[in-house]
Amino acid sequence: MDISEHFWKASLEELKQGYIQEADSYRCLLCGEEIEKGIIYPFDGIFYEAQRYMRVHIERTHQSVFDYLIDLDKKLTGLTDHQNHLLRLFYQGKSDKEVQVEMGIGSTSTIRHHRFALKEKERQAKTFLAIMELLKEKDQNAPAFVPPHKTAKMIDDRYAITEKEQQEIIQKFLPEGINGRLTKFPPKEKQRLIVLREMAKRFESNANYSEKGINQVLEDMYDDYVLIRRYLIEYGFLERKSDGSQYRLKQ
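So for the sequence shown, the working numbering puts the first residue at 6; every next one is plus one.
Following this line, the structure appears as structure tokens:
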């Protein structure tokens, strides 16, 4: 199970804290980092038990769970740019007057109206979540969909992928799995998405790669590694510095 699957299958409380508890470790839902239980971790002159150290990891790596979630693509949060900006300012503890001045809009009553609209969105989200949970208990015919990766740049029909479809496409284009070679580059968008997602698993989380390093990994999988590299970036699996000097797996 990759980190996106852990993320989407987590409960609301687990998402809020940013990690899940597994049998022998705690796993960060934001980047996949695992902290083993039963070990004392030193940081900045202080010793932490595993669960507390996971919270330290989230603070120093991601700043906060709120910051990570609010930075997700609007297709995943359902927020407009305007709502996103408002929530960031509210989280910073700014008063309605301070928010109004900083955003240069209306008056404090305008900000209170926006607060009300956001609370209404919260109520709708809770109701919809409850409806979908109840539906899940009754709908025996619903196919098992593969959750989209968190760094997807655009959620559309390409992401309507069932687990059965995913396995069939992987078997067709990567019959030897992620350690094997791609038989050919898929002609259809949905097929490409599935194959690229598998190929991205060849890269280590939190590791930095030079262009040469990226090319070496991809060339082992497909001769036209430049094509694969471009699509991995385009689909939001890899990110690179503007000068092309460094690449990393996008979390």
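Built from N, CA and C at the ideal position, the CB exists for glycine as well.
Owing to the predicted nature of the structure, the values given are computational and were not obtained by experimental measurement.
Residue pairing from DSSP leaves residue 164 without any beta-bridge partner. Listed in chain order, the non-local C-beta contacts of residue 105 below 8 Å within the same chain comprise 111, 112, 113, 115 and 116, local neighbours out to five positions each way being set aside.
Inter-residue distance for residue 220 and residue 197 is about 19 Å (C-alpha atoms, whole angstroms).
Excluding five sequence positions before and after residue 62, the CB atoms of its chain that fall closer than 8 Å to its own CB belong to 33, 38 and 40, given in chain order. Here the C-alpha atom of residue 138 lies approximately 30 Å from the C-alpha atom of residue 175. Of all alpha-carbon atoms in 215, 212, 234 and 225, the one lying nearest the alpha-carbon of residue 201 is that of 234. Within the model, the alpha-carbon separation for residue 58 versus residue 225 is close to 37 Å.
Collapsing the DSSP output to three states places residue 150 in a strand.
One alpha carbon belongs to residue 143, the other to residue 44, and they sit about 43 Å apart. With respect to the C-alpha of residue 213, the residue from 254, 239 and 188 having the closest C-alpha is 254. Following the DSSP letters along the chain, one finds residue 196 inside the alpha helix (DSSP H) bounded by residues 194–204. The DSSP assignment places 30–33, 39–41, 46–48 and 51–53 as complete runs of the beta strand (DSSP E) inside the segment 30–85, in order along the chain (cut-off: 3 residues).
In this structure, 166 is the residue among 166, 217 and 180 with its C-alpha nearest to the C-alpha of residue 193. Residue 243 sits close to residue 252, with the two beta carbons spaced by under 7 Å.
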